[in-house]
Every structure is written in C-alpha cells, then in structure tokens.
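Numbering (the numbering used here), first residue to last: 2 to 891.
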C-alpha cells in the first residue's frame, strides 16, 4: 500500500513529499468464505479449590474480517490422559476488546487499517483428581492465508490446549499466564525487543522457548463441537523456517529462557505465524505447558518525523511565554530556548512554558524524536519584551446627579507612549488622548471605558465598566389614620431606591420598605426616611405622626338575674381619663333607657336578653363597647315515679319534670338514706318499708335559685317470703327412684317443680323418677303481698351396673349374630379386650357401643374360643374387672 504525506515546515523550506512504501499486503482485509481470519490464541487455567477449575481461552481475530466471527458459545473439550472424550463445555461469548499495536519504535507509523481484537472466554468446571490428568482443548479453522512461514495456511486451523497434570505431580495447580498481549508489528532492519514473560500464582519455575503452532479444524468442519480428541498435530513449517527460526532475522531472534525477553532484528517483510511455549516445573519436574501463537507483521519503517514550532504572534506579553508544538509523527521532544543566562534553558515537554531571564531576541530550537535516526530539528525567532499592562483604577459607582470621574492611565510604558481613551457617547468628553482626564455622564446605565497605550511598537488595550445609577427620591406618605392605637403602618413612596432606613422618632429604626411599628406611648413623633440607591446615593424625607393609644372600653360581664326585683349595676372601664364623656344606651325597655357617667343602674320589666352599649369620647377619639344582659324565670322542681309499690328489692325509675331556662343541678333524697345527682335516676330499695322522696334543683347561671319538691310516703316496699323445703334422699338408684318432699317455708302458696315435667301444688308429697340423671327440684312460694321466692335442690338418680355378655357369635356375614357386643349400663368408663388361647391381643375398644367383628388387621380370626376381659368404672366411681370366654363359630 502507498501512503502520501504533504508537509510544509515553518522555516520557509520547500514543500516536501514523503512517499512511504509499506509492505503491508493487508492480511487484515483478506476475506474467506470460512474462518480464515483467526490470527492467534492461548488457553490457560486456574484452580479455584474444591476441584473447581476456571478455564481461560483467549482468541485473537482480524476485526476487519467478516468470515471469522467469535463463537457465541465456544466449545471446549475435556479428555482424559488416553485421549478419551469426557465432556464438552460451552463458554459464553464475553464481548471483544481491541489489541494495542505496540511498535517499540517512534519512527513507525501504524497503518490505519491494522486492527486486531480479542475475546477472553471463561468457564468453571469441577474436575476430580484423575490419573494422568486432563487435556482441555478448543479448535477453530482457518488461519490467515497470508502467513509465509507455514505450509498451506488457508487450510490450517488452530488447536489451543492445556493439560491439567496427574494429581501425583501436582494438586490444585494453576497454569502460568502471559503478562502482556502478543506483539502485532515489527520494523524491518530495526532491533525489536518485547517482554513475553508470564506469572505463575503457584510460584513454579518457568522456562521460555519457541514453540510450534497446532492444527485443528478444517474447511469442511471449521468449528468442531466437540473438539477432536488428542494427540494433536503441529503445523509443518515452510522450507527455511522452523521452531527456532520462525522469522528471518539478523541477529536471529532469541528468547531468554529465564525472563521471557524476546530480542532480534527482522530482515524480511511479511506475515509470520509466531509461537511461544512456557514450561512449568515444580521441584525440577515438568508438570504443564502453555503455548501461545500469533500472526506477526514485519514491515518497512521510513523516516517521517517533522519538527515544527508555532511562530510568535503577539509581542510585549512579558518574560513568560507559552510555546506550542506543531510537529508530526514524533513522541519525544527536546526544546532549547536560547536563554543562556537561565538555569532552566531546556525542556522535554510537548508544549512547554519558559520564563526568560531578560528582554531581547532569542532563537528557539525544537528537536523531534531526539536520539532516533528519524530525528528532525526546527527553529523560530521570538522577541521578548515586557508587557505594557495598561490599566486605570476601578471607578466607584455613582448616581446620575453631580457625577464626576477621574481617569489616570497606568502601566509599564515610556514618556513617549501614546494614549487613546474612549468613554462612550453619553460621556463628556467622549474621547481623550491625555494620560489623565475628568469625565461626567449624562445618562444612567453601564458604559464601557477603554484605554489603549502604544509604546515601543507594542499596543495594549484595557477596558472597564462605568456604572451610573438613578438618583433616589425619598418620600413618606403622610399619616391619615388617627386614634387607631399605638401601631402605625408606614407607607414608602420613594423612587429610584434599593435600600431604606427608617427612624421612628423614638430611637428605634427599621430597614424594611413599608414597616409596621408599635410605639410605647402616645405622643407626637418626627419620622425620618433615608432612601438610597445601592448604598451609593442617598436622599432623606421627614413626616410628623401623632399617636394615641386606642380607646379600650368595656364593663364587667354581668351574671343573669331573676325576673322579680332584677337590678344591674354597671361600671364603665377603659384607658380614658376623668375628662372623658360617657354615654349609656339600654334600649327602649330599660329603666332608664339612657344614662351618663361611669357608674349606672338599670332594670328590665320581663324575661329576655337586652343589648346595652357604652360610648366614651376622650383625646378627640371615640370608643364603644356592647354586651347583653339576661333576665330569667325562677326554676321550679317537679318529678314522678314510674311505680310506687313493689317487692324487695324494689327498683324505681324517677323522672325529672322540673322547669328552668338555664341548666339545672339535681339532688335526690330517696328516704332510705340514699341520694343521687342524676337528672332522672333509678334507685333500688333493699329493705321493706314506706319512703318519702325529695328533689332539690338549683341553677348557677341565669336566674340563680333553688327549688325543692317533696312527696311523703311515695314508695312502699313489701317483704319477700323465704323458700325452704327438704328432699330425701338426694342420691338414689334407678331401681328405687322415690323421693319425699316436705315444705318448711309455711307460706300461703307452695309449688314444687321436679324437673321431669311434673309439678305439685302443696306442702308435702312423694315423687318417683322414671329415668337416671341429675334433676333440679325447685320450690316456688308466694306470700300475702304477692311477693315470691324460689329454692332449688339437686337430686341424682343413678343407674346400677348391669352386664350381659354372649358366650358365642357367628361372624359369617348373614347379619345375624355377626358382632360380639356386651350390653352394659351404669358405667362412666369402659374397656373391652379379647385374647386368643396364647394370650395374643386380638381386639380392644373403650366404646361400649363398638363390638368385635371376628377379624384382626382385616383378616378373619380362626374358629376358636377367645378370652374376653371387661374393665369398668361405675357412676359411683367403683372399679370392676370381669373375665369370660366367647366362642367364634362360622
């Protein structure tokens, strides 16, 4: 390929055309129908513990090719020491990254279409110890057809493998891994050195040597899955090439067996398959090998370095200069600033900065790629002069009225310097050539003022902003509200102001725009307002404010009064003096209807609420107060009872029927020493007798009074009878179920309920029960007042123990005598057990309603005689055991 470079240096030399002929025959652009662009690879492994191994496969390809995409799942085969297939792994594609082009020569230009990328597959597998170890392999076809040192490369593939050693040699071993990616290019005729060393995390000894690339896959099966079984065949070298002579070179390429450092000088352009082997030794025994092969380019490198310094464009910038580098195809530089009086006259920076020792004319030198055969040198002349540093003092902001500015030119210039001022069109004057100038402005705003100084061939301009503000006008809105208390809202009517200062005439101040202020006392105050524009210009205004305390008028709140003889005493209160004029208004129904003075009285002819107002005039101000007076009816107590006669205990509900126009408070007295404060209580009389009831009500608002209502002999409570009887017996057998009942209460009416549906009216009787159980015998008695009482006695009729046991049964399925079931009564607890003649338990139950069906575990029991045993606890808690024999017949 041909590269043409046009270059014009800054020293006025003629244009130079450099034609660089490179021997790159575009190995990275050849396209094949199959995978013809695999350019290298390597496989390693790492032991993770517990027989887990991480397999690492790195595959390199030409990223410009389209025929060899990376495997989306790389098939990695597992084989034993005999080459027998064990398993295949599918390592997922991790994505690709570019391989850096390391030339080791700054004179070489990397062709723009050289691009190699790598994919680093990883997968973890558990490999238990195995005699002879494992072989791990990956295969891919085909190699790049441009390689000239191997035979038939277009049909040759690659096998990247590694061996996990026999556990007798090493356990949980990790293979060495390369520290650097493989080199991509070398310069023909120039020494090439490269670090091919590796790291072994186990600390094993590593020996480096040249290796042989291994074949794998073909045009028919470019991606074997699974890979073929070992052993694998090395690719034959072309004539004149071999393991130790893979690239033509003089001196020949060598690799340091201890450090892995490669060195040599290639002599023939071309593409070469290049393989490196690492042998791993432990205790002097070889345990593993790693081989990495790669397609390497040898090309012609031409001198193409151009040194170029950007010329000086500005003068009079001072002693410190920033230099700019415009060189081509260079990576290192040497600057000489020609400043022999400086202790720091040189630099190796790309764009250095240098401070010269004095003004003057200096020759600057730049060497690009110093020390290399392609080094180039350029020169430039720089004139160093001190900066003028033209300026003028910053001008303070002023307001429009009476503004005046003084401008003085400042800087590093000679007496012959020329000055040029520009103050804007609003200034007077607008321009000047003096070193000092007095200026005024006719408008407000921001104006640019500039000074240009010319001296010794240098020119420098300085610009600053002049700010003119509007002049403020302070104004206070006069007082318009009087007799509104000591608090005043001040209104600011100033214009063209940004800040304010108020003095309220009592040594208190504020910076608010429209403050609200409360004075401590009445009086006349001279208020001052200072308005300013950005704290630059000020204006002051004054105004007189007359302050009086707000008249606060009231009279004490009056308690309501009863209609008869009501009379209210009222006293005016407030912050007024003895000169105040006080007027009362009681409405048309009050007596009197109007009054004057501080203390007055008034009465009203009927119940109701009456508005009253008092008005006070004082200090030229007026205030008033309004309230309402209430006149109420006298409260009246009244009540009734829901019932008045009853048997003890007798509960009576009392209902309040009192009258009042305000809430009532209650006090009930029930005549038995008890009382209540509820409005309508319920009271229970516990003892017989005749009782008086009293209700007293009172009010504490409105018409405050008390009223009592009394009813004599209102409640009559009659005594209750006492039920009493005897029963004999209280525990009896069902075989003799008779009891005798005798009345002991001696009341007028006596009734007995025997809890079995039978009732008897009388004083004594005999009763017989027809069933067992517990019975509640109840006596009901009634006296002459119709009051009643009851008493209950419990009678227990128990069943006697009865047991009937059959001596044979026939479980033959005819539904006749198929179940052995004893009949029993009078028991609380029951258990039946059946045994054969050898004492083996055949049946067991605690349910007296469940019998034996002649089976055991679902199988028919044999015809035989069986012993039964019954264990019971009777209703009287007596325990019995019975044993007998039953015959099973079919």
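Cβ atoms here follow ideal geometry from the backbone N, Cα and C, with glycine treated the same way.
With respect to the C-alpha of residue 61, the residue from 326, 221, 101, 87 having the closest C-alpha is 101. With contacts defined by Cβ atoms closer than 8 Å, residue 421 and residue 453 form a contacting pair. Each of 489, 562, 538 was checked against the Cα of residue 528, and the nearest Cα belongs to 489. Between the alpha carbons of residue 525 and residue 506 lies a gap of roughly 9 Å.
Residue 779 is bridged by DSSP to 754, 793.
Non-local C-beta neighbours of residue 880 in its own chain, meaning closer than 8 Å and more than five positions away in sequence, comprise 872, 873, 874, ordered along the chain. Annotation for residue 804: 825 place their beta carbon closer than 6 Å to its own, counting only its chain and skipping 5 residues before and after. With respect to the C-alpha of residue 861, the residue from 332, 143, 306, 812 having the closest C-alpha is 812. A Cβ-Cβ distance of about 5 Å is found for the pair residue 738 and residue 798, placing them in contact under the 8 Å criterion. In terms of Cα proximity to residue 456, the closest of 735, 389, 274 is 389.
Close CB contacts of residue 823 within its chain, under the 8 Å cut and outside five residues either way in sequence, are with 804, 805, 806, 807, 833, 849, 852, 869, 871 (chain order). Three or more pairs of CB atoms, one per stretch, sit closer than 8 Å, so the stretch 776-783 contacts the stretch 718-731. DSSP, read as helix, strand or coil, puts residue 154 in helix. Annotation: the continuous beta strand (DSSP E) that includes residue 740 extends over 739-744. Counting only unbroken stretches of 3 or more residues, the beta strand (DSSP E) elements lying wholly within the stretch 614-678 are 622-633, 640-642, 646-648, 651-657, 665-670, in sequence order. Looking at the DSSP output, residue 488 bridges to 519. In the structure shown, residue 494 adopts coil according to DSSP, grouped into three states. Sorting 108, 93, 128, 429 by C-alpha distance to the C-alpha of residue 46 places 128 at the top.
Residue environment analysis places residue 878 among the exposed positions, since fewer than 16 neighbouring C-beta atoms fall within 10 angstroms of its C-beta. Annotation: residue 520 to residue 548 spans about 8 Å, alpha carbon to alpha carbon. The Cβ neighbour count for residue 135, taken over all protein chains shown within 10 Å, is at least 16; the residue is labelled buried. Distances from the CA of residue 233 to each of 176, 239, 214, 246 were compared; the closest alpha carbon is that of 214. When DSSP states are grouped into helix, strand and coil, residue 707 belongs to the strand group. Here residue 711 is exposed. Its C-beta has fewer than 16 other C-beta atoms within 10 Å. Check the Cα spacing between residue 355 and each of 462, 339, 369: the tightest is with 339.
Distance from the CA atom of residue 468 to the CA atom of residue 370, rounded to whole angstroms, is 56 Å.
Going by C-alpha positions, residue 434 is about 7 Å away from residue 419.
Here residue 688 is actually not in contact with residue 715; their C-beta atoms are around 16 Å apart, not less than 8 Å.
Taken through DSSP and simplified to helix, strand or coil, residue 38 comes out as coil.
For the pair residue 483 and residue 509, the Cα-to-Cα distance works out to about 21 Å.
Taking 8 Å as the cut-off, the Cβ atoms of residue 311 and residue 197 do not count as close.
Residue 643 counts as exposed, since fewer than 16 other C-beta atoms from the protein chains shown sit within 10 angstroms of its C-beta. In its chain, beyond the 5 residues on either side, 78, 80, 227, 230 have a beta carbon closer than 7 Å to the beta carbon of residue 86. Within 10 angstroms of the beta-carbon of residue 732 lie fewer than 16 other beta-carbons, which makes it exposed.
When secondary structure is reduced to three states using DSSP, residue 96 falls in the coil class, being assigned neither helix nor strand. Non-local C-beta neighbours of residue 332 in its own chain, meaning closer than 8 Å and more than five positions away in sequence, comprise 107, 370, ordered along the chain.
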